[in-house]
Amino acid sequence: RAIRLRAAAELITDVVPPPLGAYPQTREVLEGHAEAICARLTGDDGRELQSISDAFVLALRADATDDDLAISAALPLTTVAANLGELELLYPHPAEPVASAG
Numbered sequence: 201r202a203i204r205l206r207a208a209a210e211l212i213t214d215v216v217p218p219p220l221g222a223y224p225q226t227r228e229v230l231e232g233h234a235e236a237i238c239a240r241l242t243g244d245d246g247r248e249l250q251s252i253s254d255a256f257v258l259a260l261r262a263d264a265t266d267d268d269l270a271i272s273a274a275l276p277l278t279t280v281a282a283n284l285g286e287l288e289l290l291y292p293h294p295a296e297p298v299a300s301a302g
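Just so we're aligned, residue 201 is where the sequence shown starts under the working numbering, counting upward by one.
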């Protein structure tokens, strides 16, 4: 799982973000899910991890406009959502806290 985590993180890092004004609600959904996955990976079970698919699709549709720029701006966001969705499936439960040697 660690290899897939690293691969997903590298793919997300390499995505060129769309212009800042494009898809604000969709960005919020992605940021919220990224934070929830980070919390999940560090063993914090205080945040509920919901599937990204429903919230992402609703936000993407709400933010969409009818021009070529909107289509090209949606592609990197969709790539990020797909990778976050994979991580949600890989880590359905919080990680066990690591005991420190003391």
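Cβ coordinates follow ideal geometry from the N, Cα and C atoms, glycine included.
So, with DSSP's three-state summary, where would you put Q225?
Three-state DSSP puts Q225 in a helix.
Look up D214 in the DSSP assignment and say whether it is helix, strand or coil.
If DSSP states are grouped into helix, strand and coil, D214 belongs with the helices.
Looking only at its chain, what residues have a beta carbon closer than 6 Å to the beta carbon of H233, apart from the 5 residues adjacent to it on each side?
Answer for H233: I252 and L284, listed in chain order.
With DSSP run on the structure shown, which of helix, strand or coil describes T265?
Three-state DSSP puts T265 in coil, outside helix and strand.
Which same chain residues end up closer than 7 Å to V216 when comparing Cβ atoms and leaving out the 5 residues on each side of it in sequence?
Cβ neighbours of V216 beyond the five flanking positions: P276.
Determine whether the beta carbon atoms of A222 and L289 lie at a separation below 9 Å.
It is not a contact, given that the beta carbons lie outside the stated cut-off.
My assumption, with CB atoms under 8 Å, is that R247 sits in contact with A236. Please give the rounded CB distance.
5 Å between Cβ atoms; contact.
What do you get for R240, buried or exposed, if any count of 16 or more other CB atoms within 10 angstroms of its CB means buried?
Buried, since its Cβ has 16 or more Cβ neighbours within 10 Å.
Measure from the C-beta of A270 to each C-beta in chain B and report whether the shortest distance is under 9 Å.
Looking for chain B here will not work: only one protein chain is present.
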